[in-house]
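As structure tokens, this is what we get:
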């Protein structure tokens, strides 16, 4: 497809479980970003990849959160020992050049019961 | 703490009128500025980017940037009901990550 895709669109899990969220960026975009958005708030930065490496992970809230992008394309955000406070929409974005606009995928709505 | 401030609204504008959305930011080194439109239940959609002082026009949208005042705005001319959405201002300080405001909810009244 032409845009950023994310799977699953919805994920319901129980407190303490492990989840993986997947992002497939726009073809050719080397930069990939993860954000999360809570109701009534703007997206909050989590991590930025340039190619395969995490160039900035300063937004990850704690060590339960981890993300990878092993081949420089698809990325997976991994959350261990989920907590109810992790419930949010997790957004992935990609861009083709430094400082240019970021294009968002449809998001994954994570609900932790 | 880098901040991006927007009036949360709601802002109500009659159909056909000009909608004016405002945003201020705290970090003077900010380099690029973006407006995103977000419909309820959907993800943000990039509608405008602006990098230098002045105006940038794209169709019915005009972005305005004043770095001295740390102020960026979005004007929507000939507002349509389909423009009803939340508009998010985002700022890039050169370190790639975007800092977003909380958004302004715009309602166009037919």
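Protein chains in written order, with the numbering used here: chain A, -4 to 108; chain B, 3 to 112. All residues carry an ideal CB built from backbone N, CA and C; glycine is no exception.
CB contact flag (residue i, residue j, <8 Å)
i                      : j                      : result
residue 89 of chain B  : residue 48 of chain B  : no
residue 109 of chain A : residue 103 of chain A : The question about residue 109 of chain A has no answer, for chain A in this structure spans -4 to 108.
residue 4 of chain B   : residue 34 of chain B  : no
residue 98 of chain B  : residue 50 of chain A  : yes
residue 20 of chain A  : residue 89 of chain A  : yes
residue 79 of chain A  : residue 10 of chain A  : yes
residue 64 of chain A  : residue 77 of chain A  : no
residue 82 of chain A  : residue 105 of chain A : yes
Beta carbon proximity, residue i to chain B, threshold 8 Å
i                     : result
residue 19 of chain A : no
residue 49 of chain A : no
residue 97 of chain A : yes
residue 56 of chain A : no
residue 85 of chain A : no
residue 46 of chain A : no
residue 43 of chain A : yes
residue 4 of chain A  : no
residue 61 of chain A : no
Beta-ladder partner(s) of residue i, from DSSP
i                      : result
residue 28 of chain A  : A:43, A:88
residue 108 of chain A : Paired residue(s): none; residue 108 of chain A is not in a bridge.
residue 8 of chain A   : A:107
residue 101 of chain B : B:93
residue 35 of chain A  : DSSP lists no partner for residue 35 of chain A.
residue 48 of chain A  : A:45
residue 73 of chain A  : A:15, A:61
residue 1 of chain A   : A:18
residue 7 of chain B   : B:26
Residues of its chain near residue i, where Cβ-Cβ distance is below 6 Å and the 5 sequence neighbours each way are ignored
i                     : result
residue 2 of chain A  : 17
residue 57 of chain B : 64, 66
residue 19 of chain B : 81
Nonlocal neighbours in the same chain, by C-beta distance under 8 Å from residue i, ignoring five residues either side
i                     : result
residue 13 of chain B : 21, 23, 106, 107, 108, 109
residue 96 of chain A : 90
residue 62 of chain A : 29, 41, 42, 44, 49, 52, 55, 70, 71, 72, 73
Cutoff 8 Å: residue i Cβ touching any chain A Cβ
i                     : result
residue 12 of chain B : no
residue 4 of chain B  : no
Residue ranges of each alpha helix (DSSP H) run of no fewer than 4 residues wholly in the stretch 9 to 75 of chain B, ordered along the chain?
none
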